[in-house]
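Trainee: In full-length UniProt numbering, the protein residues as written are 1 to 148.
A virtual CB, placed ideally from N, CA and C, is assigned to each residue, including glycine.
Values in this document were obtained by computation on a predicted structure and should not be read as measured data.
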């Protein structure tokens, strides 16, 4: 199983995917704001809950805003103050007993496009927000098709 995290300033979202990259389960919790220990515990608790639910030890990948890893392994993320300035990947890897992969959330989005073109056509100015599918779309002249 693959555990994909989308971490932001207000929520930590986990999606659990099978080998065919099909979503099996998802869960969201609020992002702890004040304590790095609380932040680590929130992520670790989600991983352990997924491990128990699927009776396996899944691979962990995290998308987070900011500079996920500098030369010394430090995370810089203004949107996630509890973890900014800390060695997030190393600390989570040690706590979970497995490798944790970490990257900028925009890079994760770009990689996801290589596998699934869900967001290759969206109104300019709306970004890659999936909620745009439920809103009235602007003039088709303003839509950008990135597949061509």
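Can you check DSSP and say which residues form a bridge with residue 107?
Mentor: Locating residue 107 in the chain shown gives position 107, where the first residue counts as 1. Paired residue(s): none; residue 107 is not in a bridge.
Trainee: Put residue 59 into one of helix, strand or coil per three-state DSSP.
Mentor: Sequence index remark: in the chain shown, residue 59 carries index 59 (1-based). Strand at residue 59.
Trainee: Name the one or two DSSP bridge partners that residue 11 has.
Mentor: Within the chain shown, residue 11 is the residue found at index 11, counting from 1. Answer is 30, bridged to residue 11.
Trainee: Quick check on the DSSP output: the alpha helix (DSSP H) that includes residue 49 runs from which residue to which?
Mentor: Here residue 49 refers to the residue found at position 49 when the chain shown is read from its first residue. Looking at the DSSP string, the run of the alpha helix (DSSP H) that includes residue 49 is 36-54.
Trainee: Exposed or buried, which one is residue 108 when buried takes at least 16 other CB atoms within 10 Å?
Mentor: As a first step, residue 108 is located in the chain shown; it is residue number 108 there, counting from the start. The residue in question, residue 108, is buried, as its Cβ has 16 or more Cβ neighbours within 10 Å.
Trainee: Reducing DSSP to helix, strand and coil, say where residue 6 ends up.
Mentor: Residue numbering aside, residue 6 sits at position 6 when the chain shown is read from its first letter. Reduced to three states, the DSSP call for residue 6 is strand.
Trainee: Quick check: is any heavy atom of the ligand HEM less than 7 Å from the C-beta of residue 112?
Mentor: In the structure on display, the ligand HEM does not appear, and there are no ligands present to speak of.
Trainee: When burial is assigned at 16 or more other CB atoms within 10 Å of the CB, is residue 106 buried or exposed?
Mentor: Position 106 of the chain shown holds residue 106. Exposed is the call here.
Trainee: For residue 100, which residues does DSSP report across the bridge?
Mentor: In the chain shown, the residue the question calls residue 100 occupies position 100. Its beta-bridge partners are 60.
Trainee: Look up residue 23 in the DSSP assignment and give the residues it is bridged to.
Mentor: Walking along the chain shown from the start, residue 23 turns up at place 23. Note: residue 23 sits in a beta bridge opposite 17.
Trainee: Who are the Cβ neighbours of residue 4 in its own chain at under 6 Å, not counting the five residues just before and after it?
Mentor: Numbered from its first residue, the chain shown carries residue 4 at position 4. Closer than 6 Å at the Cβ level, and outside the excluded window around residue 4, lie 15, 61.
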